[in-house]
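Colleague: Got a structure here, written out as structure tokens. Questions coming.
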Amino acid sequence: MTAPSPDAQVPRVLDETGPAAPPRANGELVFDHVWEGRLFGVTMALFRTGAFAWDEFRERLIEEIGDWERRHGDGEEYRYYERWLAAFQRLVTEKGLCRAEDLASRLRELAARPAGHDH
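Read in my numbering, the sequence shown has 25 at position 4, and its numbers run on one by one without any break.
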């Protein structure tokens, strides 16, 4: 018996193409850094528990990408999961799931960890 692929647990609402589509290689989700995969997992967990509707997150993600592109019109490419993080932060604070100050404090703590500390 083969183990299901990591994508087997991804809701079918994830875009396959367009600005909100996560990076993929050979059909599999791609995370360049450990934090990206963790962020993706937390987002999916909150979505699956009904903390928010997928379209609520997707709309914010598209807005974050669009805002970034307007501010960086020189063709510089955005980092997808940085935009995902911005959308996630907006949504969890707007929904009252986490206070903005608490989230910012925790992000500062995590960013202050030494390089290579990812567990």
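Cβ atoms here follow ideal geometry from the backbone N, Cα and C, with glycine treated the same way.
The structure presented is a predicted model; accordingly, all values stated were derived computationally and were not measured.
(1) Measuring alpha carbon to alpha carbon, tell me which residue in ALA133, GLU103, ASP76 and ARG79 is nearest TRP89.
(2) In whole angstroms, give me the CA-to-CA distance for ALA72 and LEU60.
(3) Answer yes or no: do LEU112 and ARG79 have a C-beta to C-beta separation smaller than 8 Å?
(4) With DSSP as the reference, identify every bridge partner of ARG45, one or two as the case may be.
(5) Applying the criterion that 16 or more other CB atoms from any shown protein chain within 10 Å of the CB defines a buried residue, is ALA41 buried or exposed?
(6) Tell me, to the nearest whole angstrom, how far the beta carbon of TYR99 is from that of PRO43; I am working on the premise that it is less than 8 Å.
Modeller: Per the coordinate set shown:
(1) GLU103
(2) 15 Å
(3) no
(4) LEU50
(5) buried
(6) At roughly 13 Å, the Cβ-Cβ gap does not stay under 8 Å, so TYR99 and PRO43 are not in contact.
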